[in-house]
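Peer 1: If you read the sequence shown in the UniProt record's numbering, its first letter stands for residue 1, the second for the next number, and so on. Ideal Cβ positions, reconstructed from N, Cα and C, are used throughout, including at glycine. Being a predicted model, the structure only gives us computed values, none of them experimental. This structure is in structure tokens; I'll ask about it shortly.
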Amino acid sequence: MKDTIKVGLLGLGTVGTGVIEILHTNKESIKHKTGCEVKVTRALVHDIHKTRDLPGEAVQLTTDYEDITKDPEIDVIVEVMGGVEHTLNVLLEAIENKKHIVSANKDLVAEHGEILFDAAVRNGTDLYYEASVAGGIPIIRSIVDGLSSDNIRKMMGIVNGTTNYILTKMSQDGSDFDDVLKEAQELGFAEADPTADVDGLDAARKMTILSILGFSMPTRLSDVKLKGIRGMSTSDITYADKLGYTIKLIGIAEHDEKGITLSVEPSLLPKVHPLSSVNDEYNAVYVYGDAVGETMFYGPGAGKGPTATAIVSDLIAVVKNIRLGTNGNNYVHPQHDRLLKPKAKTYSKKYIRLHVLDQPGILLEITRIFADKDISFDQIIQQPSDSREERELMMITHSVNEEAFEKAMEALEQAASVRSVDSVFRVEGGDD
């Protein structure tokens, strides 16, 4: 039995460095938990001549990934280099060479997880990816292990720290979207190209992963109804506050006998909802199970320490499997066929903000459009507009099915009295 497990790092940026630091700092504790020493022996880098201050024993650096994937002494590969297609090929080669994989790559897992898992099962290797969703929050392990005995009905949460930071600052400071985005980039909370974050794609990938695990169903990224926060108006945040709500980018995955629904979209949450108080770059995920009821997982969604912690926890799990001789058994193929709930059976409340002509009978005309589709309203607020000829309406519907709502919106946008439909968001929770 091996007394040292050797690890190869694909990527030695912020997170990769954090992995080495944790393995060094907690060396004795990890050895006690696993029964052997765990150390990084090789790392893939872009610039081999760059000065690096790494603790512990020297790590051999390389610019050729095959020095790691084909090294017979390396047992586990930790992938923190990002990317999708190229990284997929690299990891498939590593798996064929009987390497166990720990990855933080949610893009890769969401888009090509099935390919990787099939390869891992075929080769008797492990594939762990806790760090791919919600950083330091152990949400994947909680769903796969801690809640494995329950029937999960719904998962919802804030799974992108960048957008949550932006919405928090817009709400607290009244700042414009563009100004807060620039600030987030300067502080390192947003990438130079923030597209995946602000347009909701990052959160959609994470919700895809959670839905596959939570519902044991092979869902796809394309199944997620997607709407980001780009161009979010401070007016909507202000009006939501007046109506008793907070706006967050919420990922939702729901499952019942009619099928599943997946969405990532700006949503109004009642101020009393626990997710309303999750601010800045923090993440939180609510899980609803038949037996357990409601549980909430909260913590930092990204960053060097939290992400590296999740990676090393996966690494420890792999090492324990190596010691026990149980590798290649951590993946269970989805139990159910993919079944999406039709729009006519998908219900939620909606928030609508629009500008209409300031004329008698306009409100009656607007409500009649919705009444024709059997849609009623929970709240309606009228406000003066910047133009004397217009008024601004904010409306929250009662629960309505998506099909009827879409038809009502088509009729609304064609109405001569409607100057513009400015915002349409989901409303989660609250009395119906």
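For my contact list, residue 88 and residue 115 are in at a C-beta cut-off of 8 Å; report their separation, rounded to the angstrom.
Peer 2: About 7 Å separates the CB atoms of residue 88 and residue 115; that is less than 8 Å, so the two are in contact.
Peer 1: Comparing alpha-carbon positions, which option in 333, 367, 384 and 368 lies nearest residue 358?
Peer 2: 384
Peer 1: Exposed or buried, what is residue 56 when buried is set at 16 or more other beta-carbons lying within 10 Å of its beta-carbon?
Peer 2: exposed
Peer 1: Considering only residues of the same chain and omitting the five flanking positions on each side of residue 14, which have a CB-CB separation below 6 Å?
Peer 2: Cβ neighbours of residue 14 beyond the five flanking positions: 304.
Peer 1: Cβ of residue 236 within 6 Å of any heavy atom in the ligand ADP?
Peer 2: Because no ligand of any kind appears in the structure shown, any question about the ligand ADP cannot be addressed here.
Peer 1: Buried or exposed, going by whether 16 or more other CB atoms sit within 10 Å of the CB of residue 205?
Peer 2: The residue in question, residue 205, is buried, as its Cβ has 16 or more Cβ neighbours within 10 Å.
Peer 1: Taking 6 Å as the limit between beta carbons, can you name the residues of its chain near residue 63, skipping five residues before and five after?
Peer 2: 48
Peer 1: Is residue 23 near residue 43, with beta carbons less than 7 Å apart?
Peer 2: no
Peer 1: On the DSSP letters alone, give me the boundaries of the alpha helix (DSSP H) that residue 28 sits inside.
Peer 2: 27-34
Peer 1: When you compare each of 329, 319 and 413 to residue 353 by their alpha carbons, which one comes out closest?
Peer 2: 413
Peer 1: Kindly give me the distance between the Cβ atoms of residue 107 and residue 84, rounded to whole angstroms, as I take these residues to be in contact under 8 Å.
Peer 2: 5 Å
Peer 1: Please report the straight-line C-alpha distance between residue 137 and residue 361, rounded to a whole angstrom.
Peer 2: 52 Å
Peer 1: Could you work out which residue in 403, 394 and 364 is closest to residue 480 when comparing CA atoms only?
Peer 2: No answer is possible for residue 480: it lies beyond the span of the chain, which begins at 1 and ends at 432.
Peer 1: What does the Cβ neighbour count give for residue 113, buried or exposed, with the cut at 16 atoms within 10 Å?
Peer 2: buried
Peer 1: Decide if the region 126-146 is in contact with the region 162-180; the criterion is three or more beta carbon pairs, one per stretch, under 8 Å apart.
Peer 2: no
Peer 1: Does the separation of the CB atoms of residue 315 and residue 102 fall below 7 Å?
Peer 2: yes
Peer 1: From the DSSP output, in three-state form, read off residue 267 for me.
Peer 2: Residue 267 falls in the strand class under three-state DSSP.
Peer 1: What residue range is occupied by the uninterrupted beta strand (DSSP E) comprising residue 161?
Peer 2: Looking at the DSSP string, residue 161 is not in any beta strand (DSSP E); the run it does join, the alpha helix (DSSP H), is 161-173.
Peer 1: With a threshold of 16 other CB atoms inside 10 Å of the CB of residue 336, please say whether the residue is buried or exposed.
Peer 2: Here residue 336 is exposed. Its C-beta has fewer than 16 other C-beta atoms within 10 Å.
Peer 1: Assuming residue 157 and residue 286 form a contact by the criterion Cβ under 8 Å, report the distance between their Cβ atoms to the nearest whole angstrom.
Peer 2: 6 Å
Peer 1: To the nearest angstrom, how far is the alpha carbon of residue 73 from that of residue 26?
Peer 2: 23 Å
Peer 1: Kindly indicate the opening and closing residues of the alpha helix (DSSP H) around residue 388.
Peer 2: Careful: residue 388 lies outside any alpha helix (DSSP H) and carries neither H nor E.
Peer 1: When the distance is taken between beta carbons, is residue 246 closer than 7 Å to residue 222?
Peer 2: no
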